[in-house]
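Below: the structure, in C-alpha cells.
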Amino acid sequence: MFVSVRYQVTGATAADISASIESGIRDAALAPGDPLPPVRTLAADLAVSPATVSRAYAELRRRGLVVTAGRHGTRVRPRPPVAARRAALRPPPAPGLRDLSRGEPDQRLLPPLRRHLAALADTVGDPVGYPDLGVLPEMTEVAGARLTADGVPAPGLTLTGGALDGIERLLGAHLRHGDAVAVEDPGWTGLLDLLAALGLRPIGMPIDDDGPIVAGVAAALAAGARALIVTSRAQNPTGAAVSADRASALRTLLAGRADLLLIEDDHAAELARVPLHPLAGATTHWAFLRSVSKPFGPDLRLAVLAGDETTVARVAGRSRVGTGWVSTVLQRLVLSLWKDPEVTALVDRAAESYERRRHALIAALADRGLPAHGRTGINVWVPVDDETSALTALRDAGWAVAPGALYRIAGPPGLRITVSDLNEEELPALADAVARAARPTPSPSFTA
Ligand SMILES: Cc1ncc(COP(=O)(O)O)c(C=O)c1O
C-alpha cells in the first residue's frame, strides 16, 4: 500500500512538508522502507511546485531520514535516525605555580562512589542484551520528577553522555554546516570548540550577572542565529545565573518562535545554590540539559535531556543508530546517588563550600577596589584592562589563572579564577596579587 493512501503528508512549504513526513515517521504512520509519493504526485496533491517537494525530500535525505534510490524513488530509511581547539591556547601552568586555571570541581568534595558501586554489583541482574537497552523506566520517572519540581516541563526525555554531548547531538539534529548559533560572550571554551568542530558560526551575546542581556539576544536572533544556548546557572566563566526577571523577559522575546532551537545547559545542577529560572518551552523546539558532572564528577558522563517531542525524538533516534544508549549500569549508579540522602548532604556541603570561597574572594577583591563577578559555581571573573600583563604579573607572583581570551568572542578582557580548592589562608595573598595585576601601578612617565 502506498503511503499517500495511509498517511496524508501536509504542508505548503518545504520545511512544513519535511516536518510532516518527519512526524509521520516518528508516529510510525510511515514505517521503515515505506515509499514516499513521487515528487510530482505529492506536489500536485499539495498544490505546490515540484521544486518545493524536492527541497523537502533533500532536507530529509540530508538528515538521514529517507533514502533516494534512482527509479525506486524515495523511501523511509530502514533505520531512520534522525576545528580549532581554543583550549590549546592555554598552556599547562609552569611547575611551581598555584594552579587556579582549571575550572574543575574540587575532587575531594565529590561523593565517594565505592559503596554505591558495591551495592550496584550486588543488584545488577542477568546481563542485558541490545534489544532491552535504553533509558530505564525508573530513570525517566525520577529524572522527569526532579526536572518538573524545578519548573522544567518534560514532555520528552532522553539521556546523553554529558551536557556537551547533548548539545552536539541537538545541534547536529537541527542545524547545518555554516549555521549561526547564539552563545554567551564570554562563554565556555568547550562549547566554542564544539561549534568550530561542527562548522557552526558563534554569534556572541553579551551577558551580565543575570544571564544573557535581552537586547543582545534580540540582536543575535536578528543576525540569523538558528540556535540559542543559555547556561542556566554557574555560567562559565562569569558565574552568572539566569534570574527570574531575566527569564521572564527572555521568555517574552522568544515566545512561540518556531525557527529557533533553544538549548539550556544546567551543567552545575544541584551544585548551584540559586533557584533555577528555566526558559524551557518558550520556543517550539527546545531542550533542557542537566548534567551530573559537577555534583558527582565528570567521569559519570551522563546528562538528562528534556525537550519537546520532536527534539527529543531526533536526539534519541540518532543515538539509536549510533552509541545506542547510556549504559544502564551508569543509569543505576546515578539513580542510587540521587536517592541517597548522604550524597545529597555531601553535594550540599560542596556547594556551600564553593559559595563561601567565591564570596570570600569577591569580597577580598572589593576591599582592594576591584569589582569581580561570580553569583554561583566555582569560578570568579575579574575584568582587567590587559589580560597579558595581568597574567604575567600573576605568574610572577606564583599564581596561574585562565586568560579571558579563551572565553571571549568580542567581549572585554578578564581573567577566570577557579576557587573550587582555594584555601582561606591563600586568600589575602591571592587578592593582593590579583589587585596588583589587574591595575598595575603606572610606570613613572618621562613626559609630565
Ligand atoms: C557551561 C558548561 N557546560 C557543560 C560543561 C560540561 O558538562 P558535561 O561534563 O556534562 O559535558 C561544562 C564543564 O565545565 C561547562 O562549563
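Last residue of the sequence shown: 448 (full-length UniProt numbering), numbering continuous. Beta carbons are placed, not taken as given, at the ideal position from N, Cα and C, and that holds for glycine. As the structure is a computational prediction, the values presented were derived from the model and not from experiment.
Mark residue 239 as exposed unless 16 or more other C-beta atoms lie within 10 angstroms of its C-beta, in which case mark it buried.
As a working note, residue 239 is residue 239 in the sequence shown. Buried, since its Cβ has 16 or more Cβ neighbours within 10 Å.
Identified DSSP bridge partners for residue 288
Position 288 of the sequence shown, counting from 1, holds the residue named residue 288. According to DSSP, residue 288 bridges with 264, 306.
Please give me, in chain order, every unbroken run of the alpha helix (DSSP H) with length at least 4 that falls completely inside the segment 41-124.
If we require 4 residues or more, the alpha helix (DSSP H) runs fully inside the segment 41-124 come out as 50-62, 114-123.
Measuring only from the beta carbon, is residue 143 closer than 6 Å to any heavy atom that is part of ligand 1?
Stepping through the sequence shown from its first residue, residue 143 is reached at position 143. Judged by the Cβ position, residue 143 fails to qualify as a neighbour of ligand 1 at the 6 Å threshold, every heavy atom of the ligand being at least this far.
Here's the rule I'm using: 16 or more other beta-carbon atoms within 10 Å means buried, otherwise exposed. How should residue 156 be labelled?
Taking the sequence shown and counting its residues from 1, the one referred to as residue 156 is at position 156. For residue 156, the number of other beta carbons within 10 angstroms of its own is at least 16, and it is reported as buried.
Once you ignore the five residues that flank residue 148 on each side, which residues in its own chain have a CB closer than 8 Å to its CB?
Position 148 of the sequence shown, counted from the first residue, corresponds to residue 148. If we look at residue 148 and ignore the five residues flanking it on each side, its Cβ neighbours are 154.
For the putative contact between residue 437 and residue 406, defined by C-beta atoms under 8 Å, what is the C-beta separation to the nearest angstrom?
In the sequence shown, counting from the first residue as 1, residue 437 sits at position 437. In the sequence shown, counting from the first residue as 1, residue 406 sits at position 406. Taking a contact as a CB-CB distance under 8 Å, the pair residue 437 and residue 406 does not count as one, their CB atoms being some 17 Å apart.
Going by DSSP, name the residue or residues bridged to residue 414.
If you number the sequence shown from 1, residue 414 lands on position 414. Secondary-structure assignment with DSSP links residue 414 through a beta bridge to 383.
Rounded to the nearest angstrom, how far is the Cβ of residue 195 from that of residue 202, given a contact under 8 Å?
The residue you call residue 195 lines up with position 195 of the sequence shown. The residue you call residue 202 lines up with position 202 of the sequence shown. So it is a contact: roughly 5 Å between Cβ atoms.
With which residues is residue 35 paired in a DSSP beta bridge?
Here the question's residue 35 lines up with position 35 in the sequence shown. Note: residue 35 is bridge-paired with 75 in the DSSP secondary-structure output.
From the DSSP output, read off the bridge partner residues of residue 460.
Residue 460 lies beyond the residue range present for the chain, which begins at 1 and ends at 448; the question has no answer from this structure.
Proximal residues to residue 283 (C-beta, below 6 Å), its chain only, five neighbours per side dropped
On the sequence shown, position 283 is the one that residue 283 refers to. By the criterion of a C-beta distance shorter than 6 Å, residue 283 is surrounded in its chain by 254, 257, 260, 262, once the five residues flanking it on both sides are discounted.
What does the alpha-carbon distance come out to for the pair residue 325 and residue 229?
Taking the first residue of the sequence shown as 1, we reach residue 325 at position 325. Taking the first residue of the sequence shown as 1, we reach residue 229 at position 229. Each residue's Cα considered, the two are about 24 Å apart.
Spatial distance of residue 41 from residue 54 (CA atoms)
Mapped onto the sequence shown, residue 41 falls at position 41. Mapped onto the sequence shown, residue 54 falls at position 54. Approximately 11 Å between the Cα atoms of the pair.
heavy atom of ligand 1 below 6 Å from residue 293 C-beta:
The count along the sequence shown starts at 1 and reaches residue 293 at position 293. Yes, ligand 1 has a heavy atom inside 6 Å of this Cβ.
Measure the C-alpha to C-alpha separation of residue 426 and residue 379 and round it to an integer number of angstroms.
Counting from one through the sequence shown, the residue named residue 426 turns up at place 426. Counting from one through the sequence shown, the residue named residue 379 turns up at place 379. Each residue's Cα considered, the two are about 16 Å apart.
Who are residue 206's beta bridge partners in DSSP?
One-based indexing of the sequence shown puts residue 206 at position 206. 185.
Mapping the DSSP letters down to three states, classify residue 269 as helix, strand or coil.
Here residue 269 corresponds to residue number 269 of the sequence shown, with the count starting at 1. Assignment of residue 269 by DSSP, reduced to helix, strand and coil, places it in the helix class.
At the level of alpha carbons, what is the spacing between residue 322 and residue 366?
One-based indexing of the sequence shown puts residue 322 at position 322. One-based indexing of the sequence shown puts residue 366 at position 366. Approximately 50 Å, taken between the alpha carbons.
Alpha-carbon spacing of residue 20 relative to residue 57, whole angstroms:
The residue labelled residue 20 in the question sits at position 20 within the sequence shown. The residue labelled residue 57 in the question sits at position 57 within the sequence shown. Answer to the nearest angstrom: the Cα atoms are 11 Å apart.
Along the chain, where does the alpha helix (DSSP H) containing residue 429 start, and where does it finish?
Residue mapping note: residue 429 aligns to position 429 of the sequence shown, counting from 1. For residue 429, the enclosing alpha helix (DSSP H) begins and ends at 427-438.
Euclidean distance between Cα positions of residue 107 and residue 166:
Position 107 of the sequence shown, counted from the first residue, corresponds to residue 107. Position 166 of the sequence shown, counted from the first residue, corresponds to residue 166. Roughly 24 Å separates the two Cα atoms.
Residues that residue 157 bridges to, as DSSP identifies them:
For the purposes of this step, residue 157 is taken as the residue at position 157 of the sequence shown. Note: residue 157 sits in a beta bridge opposite 306.
Let me check understanding here. Comparing Cα to Cα, which of 237, 214, 338 lies closest to residue 373?
Stepping through the sequence shown from its first residue, residue 373 is reached at position 373. When the alpha-carbon of residue 373 is set against those of 237, 214, 338, the nearest one is in 237.
Residues near residue 161 in its chain [Cβ-Cβ closer than 8 Å; skip 5 each side]:
As a first step, residue 161 is located in the sequence shown; it is residue number 161 there, counting from the start. Excluding residues within five positions, the ones whose Cβ falls inside 8 Å are 301, 302, 303, 323, 326.
Ligand 1 and residue 231: does the residue's C-beta get closer than 6 Å to at least one heavy atom of that ligand?
Position 231 of the sequence shown holds residue 231. For residue 231, the distance from the CB to the nearest heavy atom of ligand 1 is below 6 Å.
Tell me which residues share the same chain as residue 281 and place their Cβ nearer than 7 Å to its Cβ, disregarding the 5 neighbours each side in the sequence.
Taking the sequence shown and counting its residues from 1, the one referred to as residue 281 is at position 281. For residue 281, where only same-chain residues beyond five positions count, the Cβ hits under 7 Å are 153.
Can you tell me the Cα-Cα spacing of residue 85 and residue 193, whole angstroms?
Within the sequence shown, the letter at position 85 stands for residue 85. Within the sequence shown, the letter at position 193 stands for residue 193. At residue 85, the pLDDT of 42 sits below 50, so the modelled position is not reliable and the matter cannot be decided from this model.
Cβ-Cβ separation, residue 65 to residue 22 (assumed contact under 8 Å), whole Å
Against the sequence shown, residue 22 aligns to sequence position 22. Against the sequence shown, residue 65 aligns to sequence position 65. With a Cβ gap of about 6 Å, residue 22 and residue 65 count as contacting.
Just the C-alpha distance for residue 345 and residue 294, rounded to the nearest angstrom, thanks.
As a position in the sequence shown, residue 345 is number 345, starting the count at 1. As a position in the sequence shown, residue 294 is number 294, starting the count at 1. For residue 345 and residue 294, the distance between alpha carbons rounds to 15 Å.
Starting from the C-beta of residue 336, find all residues in its chain whose C-beta is less than 6 Å away, skip the five residues before and the five after it, and write them out in chain order.
By 1-based counting over the sequence shown, the position of residue 336 is 336. Correct list, in chain order: 116.
When every heavy atom of ligand 1 is checked, does at least one fall within less than 6 Å of the C-beta of residue 265?
By one-based count along the sequence shown, residue 265 stands at place 265. For residue 265, the shortest C-beta to heavy atom distance toward ligand 1 is below 6 Å.
Classify residue 354 as buried or exposed, calling it buried when 16 or more other Cβ atoms lie within 10 Å of its own Cβ.
On the sequence shown, position 354 is the one that residue 354 refers to. Burial call: buried.
Could you tell me the alpha carbon to alpha carbon distance between residue 232 and residue 70, rounded to whole angstroms?
As a working note, residue 232 is residue 232 in the sequence shown. As a working note, residue 70 is residue 70 in the sequence shown. Residue 232 and residue 70: Cα-Cα distance of roughly 48 Å.
Just to confirm, is the Cβ distance from residue 277 to residue 242 under 7 Å?
Stepping through the sequence shown from its first residue, residue 277 is reached at position 277. Stepping through the sequence shown from its first residue, residue 242 is reached at position 242. Result yes, Cβ atoms of residue 277 and residue 242 sit closer than 7 Å.
Is residue 216 helix, strand or coil by DSSP?
The residue labelled residue 216 in the question sits at position 216 within the sequence shown. Annotated three-state conformation of residue 216 is helix, per DSSP.
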